[in-house]
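Participant:
Numbering (the working numbering), first residue to last: 342 to 452.
#1: Mark residue 364 as exposed unless 16 or more other C-beta atoms lie within 10 angstroms of its C-beta, in which case mark it buried.
#2: What are the boundary residues of the alpha helix (DSSP H) that includes residue 402?
#3: Apart from the five residues just before and just after residue 390, which ones in its own chain have a Cβ nearer than 7 Å to its Cβ?
#4: With residue 394 and residue 381 assumed to form a contact (beta carbons below 8 Å), what rounded beta-carbon distance in angstroms separates them?
#5: Identify which residue in 387, 386 and 358 has its Cα closest to the Cα of residue 379.
#6: Would residue 403 and residue 420 qualify as a contact pair, given that the criterion is a beta-carbon distance under 8 Å?
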């Protein structure tokens, strides 16, 4: 392969960034900030399988509740969420279903 082409391919591949299931909200937000992106795919580190996609907006909302939660916890709905109308800001255990679009209407999650 021509050196210029190989260099261009390596540069392109190095920009193909993903998050892993075990990455925390803090780590994911740091990656997004460094890359200047607002959405990244989440993959299974061992198999490279696409698990879903997460947005900066969703992460920022969940960061207030549990900054060390993993992408896996978010995608599986295990994370505690605080209803916006709760004046005390008390966490309530509930599925993160409002964050997950299982029908693909917005194309955000790929369960």
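By construction, the Cβ of each residue, glycine as well, lies at the ideal position given by its N, Cα and C atoms.
Facilitator: Put simply:
#1: Residue 364 is buried by the Cβ-count criterion.
#2: Unbroken alpha helix (DSSP H) run through residue 402: 397 to 404.
#3: Around residue 390, the same chain offers 384 as residues with beta carbons nearer than 7 Å, after the five sequence neighbours per side are excluded.
#4: Between the beta-carbon of residue 394 and that of residue 381 there is about 7 Å, and that keeps the pair under the 8 Å contact cut.
#5: For the residues 387, 386 and 358, the minimum Cα distance to residue 379 belongs to 358.
#6: Against a cut-off of 8 Å, the Cβ pair of residue 420 and residue 403 comes out as a contact.
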